[in-house]
Amino acid sequence: MNEEKIEELISKLTLEEKVGMCHGRGLFRTEGVERLGIPPLKMSDGPMGVRHEFPDDSWVPIGNTDDYVTYLPCNTALAATWNTDLAYEAGTVLGREARGRGKDIILGPGINIVRSPLCGRNFEYMSEDPYLISKMVVPFVKGVQEKNDVAVCVKHFAVNNQETERLNVEVEVDERTLREIYLPAFEAAVKEGNAYSIMTAYNKLFGYHCSHNKYLLKDILEDEWGFDGVVISDWGAVHNTVEAAEGGLDIEMSVTYDFDEYFFANPLIKAVKEGKIKEEVVDEKVRRILRLMYKINAFSDNRKRGSYNDFESREKVLNVARESIVLLKNEGNTLPFKDSDIKRLAVIGQNANISHSNGGGSAEIKALYEMTPLLGIKMRLGGQTDVSYAKGYSSDKSKKEELIEEAVRLAQNSDAVVIVGGLKHTAEELELKDNALTISKDEKIERYVDSEGYDKTDLDLPYNQDELIKRVLEVNKNTVVVILSGSPTKMTEWIEDTPSVVQTWYNGMEGGRALAEVLFGDVNPSGKLPVTFSKRLEDCPAHSIGEFPGKETVKYSEGIFVGYRYFSTYNIEPLFCFGHGLSYSTFKYENLKVDNNEKMEDIVVKFNVTNTSKLAGKEVSQVYIGDEESSLPRPSVELKGFKKVCLNPGETKEVEVKISRKSLAFYSKQERKWIVEEGKFKVFVGSSVQDIRLKGEFNVNSECRF
Ligand code: BGC
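Mapping of the sequence shown onto full-length UniProt numbering: position 24 corresponds to residue 24, and the numbering continues sequentially without gaps.
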């Protein structure tokens, strides 16, 4: 029905009108066709909330008070919950707010693989593991789109895993790695999530910029995955009219204000008139755009209204924040703190007392409010505990020694200490201009910032934080270190001497409250690391085998051995492994059963998990598979299933995880097929990739190719 209407509309449109729908007419919108009732498409970043409002032709925000919004935990935090229901809930918040702000497309989620811990945009991405990302992104996309009449724009397609030279770097990755590691989450977002639009990456792959990449956009996305949505360029990612038009791009967006000069504006009209591009090619783009408009009810008077800053949304983002916090270490059960034992608490560290929502590049958020760790802790403890704050370290040029001495004095006179350190998210010295595109390549800046446009220079905790932590520990052993960042940092200098360490993230507007609840035991931590924390940068595969960051080209020589796939297979001891996260409860695993009836589509793995503590808690049970006999090298373990279960004290639940037979396959680049070979597969069930509690196996008796 809609398809008929779409064809009718196309037949009435002039070439100029059609082309107007295919490129930016404002920084975040296309042109509509008023005479036919076709609205413009309005977009906004994403993904941690709806970004503040820009005028059509300036990167200086409008600056009114009407665009404060709910600030959601970053994608790494969301992935750290390993809770697919929360991913859906977070999606509903983003979708409702996008619609509430009058948007048609929200530019997110970001789902690129975390290949190196140094990538500046890791915080916007979910994980190093394609399976975990796929499981989280599908409900997230559904949450955004299903009830809100708004579209996601899943980004950045594909292999956009560094910020250095991001506009032009050529990624050298082999076909098998592309298929097994870098594409599956996009495929899941499209095929299972039904994402209505997708954003191309800036970089090049196989010799072509991703926005002109026929192989990616036509052969894979359209033909193999059956995508019938809209392909939108990253802002300024188009370099050639004909290549992009024929390569499968539908809408060109950019960062400059000369909208008529965009490759998909006057040059496209000219190319059609000169016969270099058939008008049908433009028609197909318009068809896809109109189809998206129907999907989001853009022509309907009854379109969803949306809303923003609802109380309900705050509760949802609080729930995500609560489950995202990862208890990395807890020797002697230092945590949870008992509030009645603490008369004087020292809170130390700049990250306890600054907001992060306004940082990160295009993911910046004008948050309605943001609870800092200091605020969260004070709110939680009320007037009965004396909470004092010392900055301890500073990202500006303050006297380091004086800050440390002040912090040590405070720690000495306190019953307990919480140090909140980590990375920065905003950088005065790295002020974004023109959407991060004008930063000089040669700027000599130490980069410790989780932000678009730059990669970090190393894993170190910046601003003398190691020294601060060590000196505070010397005077007060009842110290908890909280790292607030969007990517892993190095902890080796003090980890041995620190009883308790907590990882938190850019964790949304309620992040400070959630952290306090975890520290004081109102919430039992249940987050698990979605990325490996290494001891040293040199241990990470992109740095030890591959390259990071490349300049003109970057070679992914580590192949499929990304993240824990590398650490596990090559026996490299990480600082904290993938899937790691402690609880105040303890869990026992028993009774593994592997049902491998070949008539069934899935292999069914069942086991019992018991909460052996006196506290209710949640456990993420993880199922990894190892292919014992394979004609190609494979990782020793790969995540193929997980389930988050909630258990009361003493309670046992049987957990069932289904592993699809197809997910056992590797990709053969010679045959251009997925292959499941005959032979023995091992099953590992546990609390992290290293904390394996149960082992089993099964045989595949007949080979399968698809
Ligand atoms: C980023 C995208 C973002 C776009 C619009 C680009 O620089 O890479 O993720 O959606 O700008 O702000």
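The C-beta atom is built at its ideal place from N, Cα and C for all residues, glycine as well.
With hydrogens ignored, establish whether the beta-carbon of residue 4 is closer than 8 Å to any heavy atom of the ligand BGC.
It does not: the Cβ of residue 4 is nowhere closer than 8 Å to a heavy atom of the ligand BGC.
Which class does residue 576 belong to by DSSP, given the choice of helix, strand or coil?
It is a strand residue.
What are the boundary residues of the alpha helix (DSSP H) that includes residue 313?
Note, residue 313: alpha helix (DSSP H), 311 to 324.
Please report how far the alpha carbon of residue 94 lies from the alpha carbon of residue 193, in whole angstroms.
Taken atom to atom, the span from the alpha-carbon of residue 94 to that of residue 193 is near 15 Å.
Distance, residue 173 Cα to residue 523 Cα
Going by C-alpha positions, residue 523 is about 43 Å away from residue 173.
Measuring from the CB of residue 664, is there a heavy atom of the ligand BGC at a distance below 8 Å?
Flag unset: Cβ of residue 664 not near the ligand BGC.
Check: residue 202 C-beta below 8 Å from any heavy atom of the ligand BGC
With a threshold of 8 Å, the Cβ atom of residue 202 counts as near the ligand BGC, since some heavy atom of the ligand is closer than that.
Heavy atom of the ligand BGC within 8 Å of residue 225 beta-carbon:
Residue 225: no, Cβ never under 8 Å from the ligand BGC.
Let's test the definition: count the other Cβ atoms within 10 Å of the Cβ of residue 60 and tell me whether it reaches 16, buried, or not, exposed.
Burial call: exposed.
In angstroms with no decimal places, state the Cα-to-Cα distance between residue 586 and residue 612.
The alpha-carbon separation between residue 586 and residue 612 amounts to approximately 5 Å.
Whole runs of the alpha helix (DSSP H) within the stretch 502 to 539, excluding any shorter than 4 residues:
With a minimum length of 4 residues, the continuous alpha helix (DSSP H) runs that stay inside the stretch 502 to 539 are 511 to 519.
CB-CB length for residue 486 against residue 423, believed under 8 Å
Between residue 423 and residue 486 the Cβ distance is about 7 Å, and since that is below 8 Å, they are a contact.
So, with DSSP's three-state summary, where would you put residue 217?
Collapsing the DSSP output to three states places residue 217 in a helix.
Quick check on the burial criterion: 16 or more other C-beta atoms within 10 angstroms. Buried or exposed for residue 213?
By the 16-neighbour rule on beta-carbons within 10 angstroms, residue 213 is buried.
Where does residue 18 fall in DSSP's three states?
In the structure shown, the three-state DSSP call for residue 18 is helix.
Excluding the 5 residues flanking residue 457 on each side, which residues of the same chain have their C-beta closer than 8 Å to its C-beta?
Beyond the five residues adjoining it in sequence on each side, residue 457 comes within less than 8 Å, by CB distance, of 118, 446, 447, 448 in the same chain, given in chain order.
Taking DSSP's pairing of strands, which residues face residue 674 in a bridge?
Answer is 667, bridged to residue 674.
Tell me the DSSP secondary structure of residue 91 in three-state form.
Three-state DSSP puts residue 91 in a helix.
When the distance is taken between beta carbons, is residue 246 closer than 9 Å to residue 207?
With respect to residue 246, residue 207 sits apart: the two C-beta atoms are not nearer than 9 Å.
Whole angstroms is fine: what's the gap from residue 121's alpha carbon to residue 580's?
Residue 121 and residue 580: Cα-Cα distance of roughly 22 Å.
Span separating the alpha-carbon of residue 693 from that of residue 366:
C-alpha separation (whole angstroms): 44 Å.
In the DSSP assignment, the alpha helix (DSSP H) including residue 707 goes from what residue to what residue?
Because the chain in this structure spans residues 1 to 706, residue 707 falls outside the shown range and cannot be described.
Between the stretch 557 to 571 and the stretch 287 to 302, do three or more beta carbon pairs fall short of 8 Å?
Three or more Cβ pairs closer than 8 Å define a contact, and the stretch 557 to 571 falls short of that threshold against the stretch 287 to 302.
Under 9 Å, Cβ to Cβ, is there at least one residue of chain D near residue 220?
No chain D is present in this structure, which holds just one protein chain.
Closer than 8 Å: is that where the CB of residue 452 sits relative to any heavy atom of the ligand BGC?
Distances between the C-beta of residue 452 and the heavy atoms of the ligand BGC include at least one below 8 Å.
As a quick exercise: from 614, 562, 673, 625, pick the residue whose alpha carbon is nearest that of residue 161.
Residue 161 has its Cα closest to that of 562, out of 614, 562, 673, 625.
Could I get the ranges of all uninterrupted alpha helix (DSSP H) runs contained in the stretch 204 to 250, with 4 residues as the minimum, in chain order?
As far as the stretch 204 to 250 is concerned, its whole alpha helix (DSSP H) runs of at least 4 residues are 241 to 247.
If you draw a straight line from the alpha carbon of residue 337 to that of residue 344, how long is it in whole angstroms?
Here the alpha carbon of residue 337 sits roughly 12 Å from the alpha carbon of residue 344.
Same chain only: Cβ atoms within 6 Å of residue 392, ignoring 5 sequence neighbours per side:
Here the set comprises 348, 349, 403, 407, 468.
Shorter than 8 Å, the distance from the beta carbon of residue 255 to the closest heavy atom of the ligand BGC, or not?
At least one heavy atom of the ligand BGC falls within 8 Å of the beta-carbon of residue 255.
Three-state class that DSSP yields for residue 363 in the structure shown:
Annotated three-state conformation of residue 363 is coil, per DSSP.
To the nearest whole angstrom, what separates the beta carbons of residue 659 and residue 682, a pair I think is in contact under 8 Å?
Actually they do not touch by this definition, with Cβ atoms about 12 Å apart.
Assuming contact is defined by CB atoms lying nearer than 9 Å, are residue 535 and residue 575 in contact in what I supplied?
Yes; because the gap between Cβ atoms is below 9 Å, this pair is in contact.
In this structure, does DSSP put residue 162 in helix, strand or coil?
In the three-state DSSP reduction, residue 162 falls in the coil class, being neither helix nor strand.
Smallest Cα separation from residue 591: which of 203, 636, 655, 597?
The shortest C-alpha separation from residue 591 is found at 655.
Per DSSP, which residues does residue 107 bridge with? Please list them.
Residue pairing for residue 107: DSSP places it in a beta bridge opposite 45.
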